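**Student:** Here the sequence shown is numbered in UniProt numbering, starting from 1 and rising by one per residue. For reference, the structure I am asking about is given below.
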Amino acid sequence: MDDSWHSGQSLLHHNRNIVLFSNPPRTDYSHHQQIHPLAVQQHNHPPFGASTSRNAALVASAEAAPQNECVTAWEPLQLRQEWTIHNFTKALDLATFGTCMRSRNFRDESMPDICWQLCLYPGGKREENSGNVSLFLKMSTTENQREFTVRAEYRFYFLDDTGAARFSNVNTGDFKVKPAKGSHSWGLRNIPRQKVLNCIRSNNSLHIVCQIELVPDFNKLQTHVRREHRIDPITLTKEFLERNHKMFISGEGSDCIVECGNQEFPVHKFVLMAHSDVFRAMFNHKDTLESVESRIRITDFGPETVHQMLTYMYSGGLPEDFSDEQAFNLIEISEKYQLDSLKIICQDKLISRLSMANVCSMVTIADIHNADLLMSACIPLVRSHIRQLMASQEWTEMKTNNPRLLNLVLEKVIVISEKNLPTPQQKNLQPPQKRIRLNDMYYHPS
Numbered sequence: 001m002d003d004s005w006h007s008g009q010s011l012l013h014h015n016r017n018i019v020l021f022s023n024p025p026r027t028d029y030s031h032h033q034q035i036h037p038l039a040v041q042q043h044n045h046p047p048f049g050a051s052t053s054r055n056a057a058l059v060a061s062a063e064a065a066p067q068n069e070c071v072t073a074w075e076p077l078q079l080r081q082e083w084t085i086h087n088f089t090k091a092l093d094l095a096t097f098g099t100c101m102r103s104r105n106f107r108d109e110s111m112p113d114i115c116w117q118l119c120l121y122p123g124g125k126r127e128e129n130s131g132n133v134s135l136f137l138k139m140s141t142t143e144n145q146r147e148f149t150v151r152a153e154y155r156f157y158f159l160d161d162t163g164a165a166r167f168s169n170v171n172t173g174d175f176k177v178k179p180a181k182g183s184h185s186w187g188l189r190n191i192p193r194q195k196v197l198n199c200i201r202s203n204n205s206l207h208i209v210c211q212i213e214l215v216p217d218f219n220k221l222q223t224h225v226r227r228e229h230r231i232d233p234i235t236l237t238k239e240f241l242e243r244n245h246k247m248f249i250s251g252e253g254s255d256c257i258v259e260c261g262n263q264e265f266p267v268h269k270f271v272l273m274a275h276s277d278v279f280r281a282m283f284n285h286k287d288t289l290e291s292v293e294s295r296i297r298i299t300d301f302g303p304e305t306v307h308q309m310l311t312y313m314y315s316g317g318l319p320e321d322f323s324d325e326q327a328f329n330l331i332e333i334s335e336k337y338q339l340d341s342l343k344i345i346c347q348d349k350l351i352s353r354l355s356m357a358n359v360c361s362m363v364t365i366a367d368i369h370n371a372d373l374l375m376s377a378c379i380p381l382v383r384s385h386i387r388q389l390m391a392s393q394e395w396t397e398m399k400t401n402n403p404r405l406l407n408l409v410l411e412k413v414i415v416i417s418e419k420n421l422p423t424p425q426q427k428n429l430q431p432p433q434k435r436i437r438l439n440d441m442y443y444h445p446s
């Protein structure tokens, strides 16, 4: 308890600790107490029996005293593993109980000693599970001297050809690994065979997705001191951009015209120069036509594309509902005028809409406009659905019209596949396989 309560001092120092969470309320199972998601507070209170007048004086002085706030912000770790098993119908027919198929190991960089792996038993794990399919998430460690306990929420999905989940299951478990025992598994022992058959894709494969949400190492969390009455920088930035955008809408104080088609946009030279090296060069050279006339004529893009480009320059944002075609045009105009940040935003929009149905057209756009982020997002999708894509009309057209691009895509697919292969060191770190791996019995073309 604070000594100032006994010494009669008139100042009260108020300490408050707040732990911020990003998830809904969770129960602390060790004490059976509900933890509020916004704050866990600790307060210092006066001793029982203190006089009312004295308390009133102290409270009054506390209102004027500075308050210190300690904040620990954290988020759960998220891991995701996708696993495609070919010829799975045959695996169901041939596998007996105890026959295990295993995914490759995966881990999070913040927990380098912890490895995760999916273990699938097409014929059930034990004899009592025969006729069903067993699926487990296994945690192992490369550290032989420590004991690990990790609480995780894990989700299993079986996805169909459209990417929709035909089977899903959510569980929470404590994964405990001791030095004497190298791994610990949680999962499902008895998934009905018919449910699994309903999830098999048209190419006779089973596509499994596992998502893991787990608590990080609390010992490594950083706690920061935050002072009261801080100004929110997000609010200030929003107001700043809104004022800029209003200047574009009104045209007040404009000193230049951007002409496109039958439309004219009054603009401010300094805004264009601040965002584009191309526009800066135009106005820095006093003998250019644009500098002399204070007029920029754009003939290779439509007014809508030019308006969206200027809107971004003034406001830093774009409409949420603009189409893929508009995004393609914006990538092209940002390439011409060297608006790198606009190009990144457009790529991000297209990546969020990426699917197996449009990946070939996205690859083409990425190649034409040097959209490296978009291309990097396309390659894993191509790799995951390579057989279906090779049978599509879009792939055939790319093969006929742009064989150079097709070869480039295939090279990138091979590179990413090789990166996912375990190194010799990683192979030595993996726990020994106790049972035969059924997927080693099949030939998978690279």
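Each residue gets a CB set at the ideal place from its N, CA and C atoms; glycine is no exception. This one's a predicted model, so the numbers in the text were calculated from it and none came from an experiment.
1. Are the CB atoms of Lys195 and Phe156 within a distance shorter than 8 angstroms?
2. Do Asn132 and Arg193 come within 8 angstroms of each other at the CB atom, strictly closer than that value?
3. Mapping the DSSP letters down to three states, classify Ser250 as helix, strand or coil.
4. Considering Phe136, what are the terminal residues of the alpha helix (DSSP H) in which it resides?
5. Under a three-way DSSP split, which group does residue 448 fall into?
6. For Phe265 and His307, I'd like the C-alpha separation in whole angstroms.
7. So what does DSSP say about Leu405, is it helix, strand or coil?
8. Could you name the residues of the same chain whose beta carbon sits closer than 6 angstroms to that of Asp161, not counting the 5 residues immediately before and after it, in chain order?
9. Can you pull the DSSP bridge partners for Pro266?
10. Got a sec? Which residues, its chain only, sit under 6 angstroms from Tyr121 by beta carbon, not counting five neighbours each side?
11. Return helix, strand or coil for Ala50, following the three-state DSSP convention.
12. What residue does the alpha helix (DSSP H) around Pro319 start on, and which one ends it?
13. Quick check: the Cα distance between Pro216 and Val170, rounded to an integer number of angstroms?
14. Starting from the C-beta of Leu214, find all residues in its chain whose C-beta is less than 6 angstroms away, skip the five residues before and the five after it, and write them out in chain order.
15. Which first and last residues belong to the beta strand (DSSP E) in which Phe158 is found?
16. For Leu310, which residues of its own chain have a beta-carbon under 8 angstroms away from its beta-carbon, when the five flanking residues on both sides are left out?
17. How would you label Asn204, buried or exposed, when you count the other beta carbons within 10 angstroms and need 16 or more for buried?
18. Determine the direct distance from the alpha carbon of Cys360 to that of Ile296, and round the result to whole angstroms.
19. So, under 8 angstroms CB-CB, Arg353 and Asp324 are touching, yes? Tell me the CB distance rounded to an integer number of Å.
20. The beta strand (DSSP E) spanning Glu82 covers which residue range?
21. Mind reading off the beta-carbon distance from Ser183 to Met139? Whole number of angstroms is fine, and I expect it under 8 angstroms.
22. Between Val413, Phe175 and Met273, which has its C-alpha nearest Ile212's C-alpha?
23. Counting along the chain, where does the beta strand (DSSP E) carrying Arg189 start and finish?
24. Alpha helix (DSSP H) containing Asp372: first to last residue?
25. Per DSSP, what are the beta-bridge partners of Gly163 in this structure?
26. Flag this pair as yes or no: are the beta carbons of Gln326 and Thr299 separated by less than 8 angstroms?
27. I need the straight-line Cα distance from Lys339 to Ser276, nearest angstrom please.
28. On the DSSP bridge assignment, give the partners of Met101 in chain order.
29. Comparing the CB of Asp324 with every heavy atom of the ligand NAD, is any distance shorter than 7 angstroms?
**Tutor:** Quick answer:
1. Taking the first residue of the sequence shown as 1, we reach residue 156 at position 156. Taking the first residue of the sequence shown as 1, we reach residue 195 at position 195. The answer is no: Cβ separation not under 8 angstroms.
2. The residue labelled residue 193 in the question sits at position 193 within the sequence shown. The residue labelled residue 132 in the question sits at position 132 within the sequence shown. In contact: Arg193 and Asn132 (Cβ atoms closer than 8 angstroms).
3. Looking up residue 250 in the sequence shown gives position 250. Helix at Ser250.
4. Position 136 of the sequence shown, counted from the first residue, corresponds to residue 136. Premise fails: Phe136 lies in the beta strand (DSSP E), Asn132 to Thr141, not in any alpha helix (DSSP H).
5. Since the displayed the chain opens at 1 and closes at 446, residue 448 lies outside it and no answer follows.
6. Here residue 265 corresponds to residue number 265 of the sequence shown, with the count starting at 1. Here residue 307 corresponds to residue number 307 of the sequence shown, with the count starting at 1. Distance between the alpha carbons of Phe265 and His307 is about 8 angstroms.
7. Here residue 405 corresponds to residue number 405 of the sequence shown, with the count starting at 1. The answer is helix: DSSP assigns Leu405 an H, G or I state.
8. Within the sequence shown, residue 161 is the residue found at index 161, counting from 1. Answer for Asp161: Arg201 and Ser202, listed in chain order.
9. Position 266 of the sequence shown, counted from the start, is the residue given in the question as residue 266. Ile257, per the DSSP bridge assignment.
10. In the sequence shown, counting from the first residue as 1, residue 121 sits at position 121. Closer than 6 angstroms at the Cβ level, and outside the excluded window around Tyr121, lie Cys100 and Ser134.
11. Here residue 50 corresponds to residue number 50 of the sequence shown, with the count starting at 1. Note that Ala50 scores a pLDDT of 45, beneath 50, so its modelled location is shaky and nothing firm can be said.
12. The residue given as residue 319 occupies position 319 in the sequence shown. Neither: Pro319 is in no alpha helix (DSSP H) and is coded neither H nor E.
13. Position 216 of the sequence shown, counting from 1, holds the residue named residue 216. Position 170 of the sequence shown, counting from 1, holds the residue named residue 170. Rounded to whole angstroms, Pro216 to Val170 spans 20 angstroms at the Cα level.
14. Taking the sequence shown and counting its residues from 1, the one referred to as residue 214 is at position 214. Within the same chain, Leu214 has close Cβ partners Leu77, Val150 and Ala152.
15. Stepping through the sequence shown from its first residue, residue 158 is reached at position 158. Looking at the DSSP string, the run of the beta strand (DSSP E) that includes Phe158 is Phe148 to Leu159.
16. In the sequence shown, residue 310 corresponds to position 310, counting from 1. If we look at Leu310 and ignore the five residues flanking it on each side, its Cβ neighbours are Phe248, Val258, Phe265 and Val267.
17. Within the sequence shown, the letter at position 204 stands for residue 204. Classification of Asn204: exposed, given that the 10 Å Cβ count is below 16.
18. To locate residue 296, count along the sequence shown from 1; it is residue 296. To locate residue 360, count along the sequence shown from 1; it is residue 360. Approximately 35 angstroms between the Cα atoms of the pair.
19. Indexing the sequence shown from 1 puts residue 353 at position 353. Indexing the sequence shown from 1 puts residue 324 at position 324. The pair is a contact, with the Cβ atoms about 7 angstroms apart (cut-off 8 angstroms).
20. Residue mapping note: residue 82 aligns to position 82 of the sequence shown, counting from 1. Start and end: Leu77 to Ile85.
21. Within the sequence shown, numbered from 1, the residue matching residue 183 stands at position 183. Within the sequence shown, numbered from 1, the residue matching residue 139 stands at position 139. About 6 angstroms; that satisfies the 8 angstroms criterion.
22. Taking the sequence shown and counting its residues from 1, one reaches residue 212 at position 212. When only C-alpha atoms are compared, the closest one is Phe175.
23. To locate residue 189, count along the sequence shown from 1; it is residue 189. Ser183 to Pro192 is the extent of the beta strand (DSSP E) around Arg189.
24. Residue 372 sits at position 372 when you count from the first residue of the sequence shown. From DSSP, the alpha helix (DSSP H) with Asp372 extends over Asp372 to Ser384.
25. Taking the first residue of the sequence shown as 1, we reach residue 163 at position 163. According to DSSP, which records beta bridges pairwise, Gly163 is partnered with nothing at all.
26. Position 326 of the sequence shown, counted from the first residue, corresponds to residue 326. Position 299 of the sequence shown, counted from the first residue, corresponds to residue 299. No, the Cβ-Cβ distance between Gln326 and Thr299 is not below 8 angstroms.
27. In the sequence shown, residue 339 corresponds to position 339, counting from 1. In the sequence shown, residue 276 corresponds to position 276, counting from 1. Checking the displayed sequence, the identity of residue 339 turns out to be Leu instead of Lys. The alpha-carbon atoms of Leu339 and Ser276 are separated by roughly 6 angstroms.
28. In the sequence shown, residue 101 corresponds to position 101, counting from 1. Its beta-bridge partners are Leu120.
29. In terms of ligand content, the structure shown is empty, and the ligand NAD therefore cannot be addressed.
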